[in-house]
Every structure is written in C-alpha cells, then in structure tokens.
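**Q** Numbering (this note's numbering), first residue to last: -11 to 340.
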Amino acid sequence: MRFLLIYPIFCSLFILSCRKKQEIPAQKNVSVSVDAMVLQSESFLNTIEVSGNIIANEYVQLKPETAGRITSLNIPEGSMVQKGTLLATLFNDDLHAQLEKINAQVIIAQQSEQRLKTLFDKNGVSRQEYDNALNTVQSLSADINVVKAQIQKTKITAPFTGIVGLRNVSVGAYVSPNDVITTIQETGQLKVDFVIPESYAGAIKKNSEVEVKADASDKIFAATVIAIEPQINTTTRNMKVRAILKEKNLSLQPGAFAKVLINTTDKNNTSFVVPSNAIIPDSRGSTIVLIKNGKAKFQLVETGSRKNTWVQITSGVEKNDTVAINGILYLKPDAAVQIKEMKTPAELGYQN
C-alpha cells in the first residue's frame, strides 16, 4: 500500500526534473537586445581650461630717480595722459642756481679762450696757455650737461600714453627712489598670463590661438600666444604663457581673473569615440563589447581623453567594428545579441 502511494509521487518528480533539463538549453538561446554603433574615425577636439590673469599691455610704477621734496603734482587720477606729460616735480632750485652759475662761467671762459686764440695765432702766448683755456670751456660745458641731467631726474613724466592710477603722495612730501608716486598702464590692448601643465607643453606654440573667458563678461575673447617661458618651473612643473587679446578697448580690467581654453588636439589626428556608458572598467583597464556574428565579444581597449560623456579609444578596435552602447551589464562573453537600433555619434549628441 505504501509503495502505491510513493510511486506516483516519484514519477511526478522525475518528469518535472526532465522538463527543467530541457528548458535550460532553451534559455541559452535567448538574445539580449542592445543599441549599437559602428566605429568611424572622428575628430576628437580635446580642450583644457587653465586659470589666468588679465594684464595691461604696458604697466609701470612711477618712482623718482632721486630723493627730494615734491614741489608740484599733476596726477589726474584715473585719467588718460599722453607720453611725456609732466606728472611731478621735486625741489630743484639749487640745481637751477648751479646751472646759472656754470653758464656765467662758460661765458667768461669762452671770452678768455677767444682772446688767447687771437694771441696764439700771433705767437703772443704759448700753446699750453691756449689749450688750458680751451679745456676750461669744454669742462664747463660738460658740467652744464651734468646739472641738466640732475634737473631732469627731479621731473617725473609719463613714459607712455596711458591711464594714471591713484596718487600716493602729496605736495611737500619727501620721497626716495623706493617710493611709488603713482602707476600708469596702457589698457587699449590687453594681455593674459596663464600657466599650463608640463604634459601639455608641446600642445601650445607661439601664434597659437586660445580663448579667454573673464568673470566680468559673458563673452569669450580670442587671443594669440605671443610668448612662452623657455623653462618649465621645476617646483610646479608648469610653463608660463602670455597671449594678447585680439580685440582692443575692452571693458576688462587688468588684474581680473580669467579662464583660458586651450585646444590641445592635433588637428590632423582622428580617432574612435564611444559614449562613456559603453566602457566597462576592470582591473586590467577598460573593456568594450563588440558585436560579431551576433555574439558579444569583450575587447580590452586603451582610452585617451574624455570630453563630456564621450571617451576616446586609442587602440584595441578597428574601423567598422560594431560596439554595444547600452545594456552591456546584461551581456556575457559569447552571449547572443540582437541589435535593437543602430546609432551614429551625431544622433547620440557627439560634437567635435
């Protein structure tokens, strides 16, 4: 009786186990639907952004060449002055008095030299006496030039046409060559100084084009590299670069913070690009899933630069390879794959 009860149960379990074994091969044939793209050479423009500072085309701190008391000031703060404009004068009355004295001595010496010249021509005096008189005239003339140069040092003039800054002194103040009277800068043409990492040193050259963004303006300004520091800083491993903005008479202020955009890509270089979600990171590097003959093939690749949601592939793939761009987490090596839709980089939003 017990056997009659157990036998039907055993038969049922045997039939169910056979059915499950038959279902397993059927599951292996189920394909995974994915979107894909065909690899084509694309121009991959890699842009880096570095910090910079806007500077004036010309800038100088005006300091006196000699110590003295200021007797006059002509510093129109914040205004334009022309080259050569007299901005400040130090006390120089003593030098003017000395100049007048020497001028009087020169007149007397010249008269004496003329008399001795007449006598020398008639053999009335010796050659030495005449030469002494001539040397006196020449020496006094040289003294005049020395005093004039000293007087000129008491005058502070604009070295170029530009905008004068704030004055730091008043009439009557005693100043030395270390004291800054005011500043002057030429802002009709602006420059930008910035540094780039050593790894990008070969990507920028003289006459290279860069773009400049300043917080004070929403506009992007074009600039041209005019000079590159010939030596890399051994502490920061950076290289200093200077560019000049093409537009003139801008509203930007020298000293303003700026962001400089530099294209570091070789224009003649093209490569493959894939969306970042098509990359599978692992301990060996980066892997993508190629679709060949309806099967998933996991391929180790080398990646380059990144731009937004796109990654540059530098090796490991070939032109016209088909790459799965979504659903890759559901794929296993040699799994059956069904392409739901083929996409192009442009359709996926790629812009070089």
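Cβ atoms here follow ideal geometry from the backbone N, Cα and C, with glycine treated the same way. Keep in mind that this is a model prediction, so the values were computed, not measured.
1) Please classify F32: does DSSP put it in a helix, a strand, or coil?
2) Quick one: what's got a C-beta closer than 6 angstroms to T310's C-beta in the same chain, skipping five residues either side?
3) Could you check whether the Cβ of E46 sits closer than 8 angstroms to any Cβ belonging to chain D?
4) In three-state terms, what does DSSP make of S57?
5) Quick check: the Cα distance between N91 and R57, rounded to an integer number of angstroms?
6) Note down the Cα distance separating D167 from D81, rounded to an integer number of angstroms.
7) Determine contact between the stretch 70 to 77 and the stretch 138 to 152, defined as no fewer than three beta-carbon pairs at a distance below 8 angstroms.
8) Where does Y318 land, buried or exposed, given buried means 16+ other C-beta within 10 angstroms?
9) Take the Cβ of A97 as the centre, count every other Cβ of all protein chains shown within 10 Å, and call the residue buried at 16 or more, exposed below.
10) Cα separation between G160 and G153?
11) Does the contact criterion of 3 or more C-beta pairs under 8 angstroms hold for the stretch 228 to 242 versus the stretch 270 to 289?
12) Rounded to whole angstroms, what's the CA-CA distance from E335 to V261? Just pull it up for me.
13) Taking only runs of the beta strand (DSSP E) that begin and end inside the stretch 155 to 208, which ones reach a length of at least 3 residues, in chain order?
14) Of the residues T222, I232, N221, Q219, which one's Cα is nearest the Cα of F209?
15) Taking the beta strand (DSSP E) that E290 falls in, what are its first and last residues?
**A** The short version:
1) Along the sequence shown, one-based indexing puts residue 32 at 44. Note: F32 maps to coil in three-state DSSP.
2) Indexing the sequence shown from 1 puts residue 310 at position 322. If we look at T310 and ignore the five residues flanking it on each side, its Cβ neighbours are A24, V26, I279.
3) Among the protein chains of the structure shown there is no chain D, as only one such chain exists.
4) The residue you call residue 57 lines up with position 69 of the sequence shown. Checking the displayed sequence, the identity of residue 57 turns out to be Arg instead of Ser. Three-state DSSP puts R57 in a strand.
5) The residue you call residue 91 lines up with position 103 of the sequence shown. The residue you call residue 57 lines up with position 69 of the sequence shown. Cα to Cα, the separation comes out at about 26 angstroms.
6) Here the question's residue 167 lines up with position 179 in the sequence shown. Here the question's residue 81 lines up with position 93 in the sequence shown. Approximately 22 angstroms between the Cα atoms of the pair.
7) yes
8) In the sequence shown, residue 318 corresponds to position 330, counting from 1. Y318 comes out exposed.
9) If you number the sequence shown from 1, residue 97 lands on position 109. Under this definition A97 is a buried residue.
10) Numbered from 1 along the sequence shown, position 172 holds the residue referred to as residue 160. Numbered from 1 along the sequence shown, position 165 holds the residue referred to as residue 153. When rounded, the distance between both Cα atoms is 20 angstroms.
11) no
12) Indexing the sequence shown from 1 puts residue 335 at position 347. Indexing the sequence shown from 1 puts residue 261 at position 273. Distance between the alpha carbons of E335 and V261 is about 13 angstroms.
13) 170 to 185, 197 to 202
14) The residue labelled residue 209 in the question sits at position 221 within the sequence shown. Among T222, I232, N221, Q219, the Cα nearest to that of F209 belongs to I232.
15) By 1-based counting over the sequence shown, the position of residue 290 is 302. Where E290 is concerned, the enclosing beta strand (DSSP E) stretches over 283 to 295.
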